[in-house]
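The listed protein sequences correspond, in order, to chains S and D. Per this note's numbering, the first sequence starts with residue 137, numbered consecutively. Per this note's numbering, the second sequence starts with residue 436, numbered consecutively. A virtual CB, placed ideally from N, CA and C, is assigned to each residue, including glycine. If you're wondering where the values come from, they're calculated on a predicted model, not measured in any experiment. Have a look at the structure below, then the notes.
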Amino acid sequence: MLGLKKFLFRGGAPSGLSEDVKASLDAWRSSHAPALEELHFHTRYLVVDIVSSGLDPEKDQLLAIAASSVWQGAIQPDDTFYVDFSTLDGEGAAVDRQLMAFLLFAAKAPMVTYHVPYVGGFLQRAYKERLGLDFQPQWVDMAWLMPSMFEDKGHTVMPLDQWLEIFGMGGGEGRRDAMANTLLLGRLFQMLLVRAVGKQIDTAARLVDESRASSFLRRTH
Amino acid sequence: MNTQQQTGQEMVVGQVEMTLREKGRSRMAGNTIAFLRNHAPFNKMQPDALQRFAEKAQIAFYPAGSEIIGPDAGNVRYFYLIESGKVQARQAGEVTVTEYSILSLGAGEGFPIGAVTAGRPSTNVYLAVEDSFCYQLPAEDFLALVASSPEFNLFCTQYIASLLDQSRRQLQLQFAQRASEQQTLNSPLAGIGSRSPITVAPDTPLRAALETMSEAGVGSLVVAGEDRKAVGVFTRTDLLDRVVLAELPLSTPVGEAMTPSPFMLEEHATAYDAMFAMATHGIRHVLVTDAEGRLTGVVSERDLFSLQRVGLRQIRQAIDGAHNVEALQQAAADVRQLAFNMLAQGVGSEQLTQFISALNDALTRRVIQLNLEKHAFDGIDWAWLAFGSEGRDEQTFSTDQDNGIVFQPPEGASVDALKQRFLAYALDVNKDLDRCGFPLCKGNIMASNPQWCLTLDEWKEQFGSWIRQPHPDALLNATIFFDFRPLFGKAELAEAMRRHLLALTASNPMFLRAMAKNALDVEPPLGKIRDFLTDLEPDHPGKIDLKKYGSRIFVDVARIYAMASGVHNTNSIQRLRLAAQRLNIRADEINAVLEGLNFIQLLRLQHQYLEGEPGKQGDNLIDPETLNELDRRILKESFRQARKIQTRLKLDYQVN
């Protein structure tokens, strides 16, 4: 039975997964992703930031995930998530459960972050190694979308802090924790949505498309 | 299995998700708290209250130019706290009801406190004038926070109190305008002087003209043609100079003896214009005409003098020096005029009703004194008592007489004979008071009624029977007679009555409970769907009786708490203040209640002065639709305060 699964799901779940994680993962796989044809107001976007031990997703460690949803026109305190892996000393089953819990929390909602290759890269590796899952959510990359939505403010990809400075949200001395970063991203994202609607990008599907297009265009031209 | 789960080692994924959501929420709350700590009133709030705010506050973005909330958005669902940016509050509609028409709000300021507290639509439009972020706290969490955090409660209460203050000032402005129209030299001539001057035709013989003057008892005539256009005036001065000294025969037409081309002003000219004309031309009369020049009135020098304001000192002197009822009648009219002026000058309802009471007391005392000239009670201890609103120092001008007498018969004297003397005396006083504008009591609660002209022992007995057997009539009487105050005579007798009363109520808890039940019979007219219930009085649809459904609720509760805590005062505001101290009711809570009572009293006074016809008793029926938006809001808040204090009474006396 296990062997069949492994065959079906591209490498499949590592055999060490506990029963409850396996059951949750199965349920998650068979669950439907929310439709992306809804207007932004009705779409549950998940703003995500991570903490890592370095910048290389292939070598460095994922230490924490901070996420918060934006829907119905606001960042919702009742729909936030924070996991800190650093305290677990790599205790396998607990990490698996926490990663699985994040999947349940996200519920296949479109994800918003700054620099998908970085954030997405770490998440992908973690899910591959721990749960045997190819993690491919619908990404909205703020790093590429900001300059295309706010051409008047800056027309190149630049560090997040520079955008925060432009909108008067910087000023915080020292390092921000991942949740503070997520909340700042959430604010920027709400501003971005207003611009997007002004450009007729009024559904999640269109926004995801625009994100792909802008990163492709800017990367290749 | 169970033990394994409880160790936390083997939590299933679903539980882990809940735990990590909880961690997310607390991290976000920490972020919000860091902002709240920099702003009042949050910087003074307890950590758990801050935590509650932060765990429920959403963060929303409003681009420049977007409306955050407005009157059309339905009941307000959130309390908004500006995190960054600028928001403009703008009065909706054309009428400005607060001092500001546009108010700018910045980081750390919250809105709309009144609307979210009351659960109704905002009256202002709140517009983001810059890109703005707001924390938005759901209304139910806001209300829970108001209920649990004293600091936040105080902040919101004070904010609403400042609205009350603004409304009061707005009201004063209206009065000032009305007062200046009526009172100052800016008022148009159309409202001053004689409206139907006596006129004669120019060809009227002098004899007939003089007979007309004599019959009408006037010193001057207007000479006008059939078109009612004045051609001259004929005065006593003309009679002397042009008739008597000129030896003109009395058959001469008046047109030959009159002063031609009289000075005329149109109706909308002001009293000042008339005064200026009189001073410039040395005349004593100005004819008033309509736009076509037809005569509509005459203004004399005397009419202008009577426009001058009446002063407090003059009235007191007039009252104290009055030797008959006629002089007191004039003084009573002056009291009304002065009260009106004071209302216009911004005196609050508490001070104003006390002031009216003080002058009415002086007037009543003078009537009592004047009648003592015909009735002597030397060597007998007695006192004149005021009951009801007069007893509470809460008179408005629609108050009829409520009074009584307490006396102490000397040893061996016949109580009956003495009582007959007091009754005869009281009847004279009651009648004179009626002539001075205090109508006779319809329920016959007057000193001339043998029921209310009693010895000290009889009063004590009467109070005792009401308290021991609190049937409906007794409870009704208690609401009138327990608010007694000595107006004249031996105050010690009233004090003895009060001590007796408080001792009785203290030893009969069932009585206060019955009073409480009675006081809860009438509820404030707050609607579940509409703001106000206006169909409670079948004879007056669309109106609210501000006395029955407003001030009386406060007054009844005040009486019960005063008796329960041994407060000797009769005034409701003093009763509530003192009782609150003794019963450990928080000061800010009781102040909000008093603001509510004061506002309702102010509306009653306003209604009686501005809408009552001169010389007619005003009523307490107002149509809430005619109030401006802010007054409606505050009236609603005032009724909520009435409900609040009733709820408290209900709990304290376990009345269902």
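S:Gly-209 belongs to the set of residues whose beta carbon lies under 8 Å from a beta carbon in chain D. Residues of the stretch 325-337 of chain S whose Cβ lies closer than 7 Å to any Cβ of chain D, in chain order: Gln-326, Met-327 and Val-330.
DSSP places D:Leu-1056 within a strand segment (E or B) once states are collapsed to three. Per DSSP, D:Gly-924 is one residue of the beta strand (DSSP E) stretching across 920-924.
Taking a beta-carbon distance threshold of 8 Å, S:Leu-240 counts as an interface residue toward chain D. For D:Thr-552, the enclosing alpha helix (DSSP H) stretches over residues 548-553. The beta carbon of S:Leu-319 sits closer than 8 Å to some beta carbon of chain D. From the listed residues D:Ala-766, D:Val-850 and D:Cys-888, the smallest Cα separation to D:Phe-822 is found for D:Cys-888. Chain order gives the chain D residues near S:Val-219 as Leu-455 and Lys-458, where near means a beta carbon separation below 8 Å. In summary, D:Ile-964 is exposed, with fewer than 16 beta-carbon neighbours lying within 10 Å of its beta-carbon over all protein chains present. For the options D:Asp-708, D:Ser-735, D:Leu-730 and D:Ala-712, the alpha carbon positioned closest to that of D:Thr-670 is the one of D:Ser-735. Sequence-ordered contacts of the stretch 486-510 of chain D with chain S read Ala-489, Glu-490, Lys-491, Ala-492, Gln-493, Ile-494, Ala-495, Phe-496 and Pro-498 [C-beta pairs closer than 8 Å]. Within the same chain, and ignoring the five residues on either side of S:Arg-261 in sequence, the residues whose Cβ sits closer than 8 Å to its Cβ are Pro-193, Glu-194 and Leu-198. Unbroken alpha helix (DSSP H) runs of no fewer than 4 residues, entirely contained in the stretch 937-981 of chain D, are found at 944-954, following chain order. Not a single C-beta of chain D is nearer than 8 Å to the C-beta of S:Thr-339.
Sequence-distant partners of D:Asn-1055 (beyond 5 residues in either direction) whose C-beta falls short of 6 Å from its own C-beta, in its chain, are Asp-980, Leu-981, Lys-982 and Arg-1039. Per DSSP, the continuous beta strand (DSSP E) segment holding S:Tyr-218 begins and ends at 210-220.
Taking 8 Å as the Cβ-Cβ cut-off, the stretch 564-586 of chain D approaches chain S at Asp-566, Phe-568 and Gln-571, given in chain order. According to DSSP, D:Cys-888 shares a beta bridge with D:Ile-840. Listed along chain S, the residues sitting closer than 7 Å to D:Val-447 by beta-carbon distance are Asp-156.
With fewer than 16 other Cβ atoms inside 10 Å of its own Cβ, D:Pro-944 counts as exposed. Sorting D:Gly-878, D:Ala-665, D:Leu-922 and D:Ala-681 by C-alpha distance to the C-alpha of D:Thr-672 places D:Ala-681 at the top. About 29 Å separates the CB atoms of S:Trp-299 and S:Leu-239; that is not less than 8 Å, and the two are not in contact. For D:Tyr-513, the enclosing beta strand (DSSP E) begins and ends at 513-519. In terms of beta-carbon proximity, S:Ala-262 stays away from the interface with chain D, with every pair separated by 8 Å or more. Taking a contact as a CB-CB distance under 8 Å, the pair D:Ile-468 and D:Ala-489 counts as one, their CB atoms being some 5 Å apart. Residue state for D:Ile-503 is assigned as strand, using DSSP reduced to three classes. Per DSSP, S:Pro-283 is one residue of the alpha helix (DSSP H) stretching across 278-285.
Within the stretch 165-198 of chain S, the complete beta strand (DSSP E) runs of at least 3 residues fall at 181-188. At least one C-beta of chain S is nearer than 8 Å to the C-beta of D:Asn-466. At a C-beta separation below 8 Å, D:Glu-544 has no neighbours in chain S, since its nearest C-beta there lies roughly 18 Å away. The beta carbon of D:Gly-977 sits closer than 6 Å to those of Thr-969 and Asp-1058, all from its chain and outside the five residues before and after it, given in chain order. With distances taken between CA atoms, D:Asn-588 lies nearest to D:Phe-477 out of D:Asp-796, D:Gly-872, D:Gln-523 and D:Phe-477. At a cut-off of 8 Å between beta-carbon atoms, S:Pro-283 makes no contact with chain D. Annotated three-state conformation of S:Lys-158 is helix, per DSSP. Looking at the backbone, the Cα of S:Lys-158 and that of S:Ala-203 are separated by about 23 Å.
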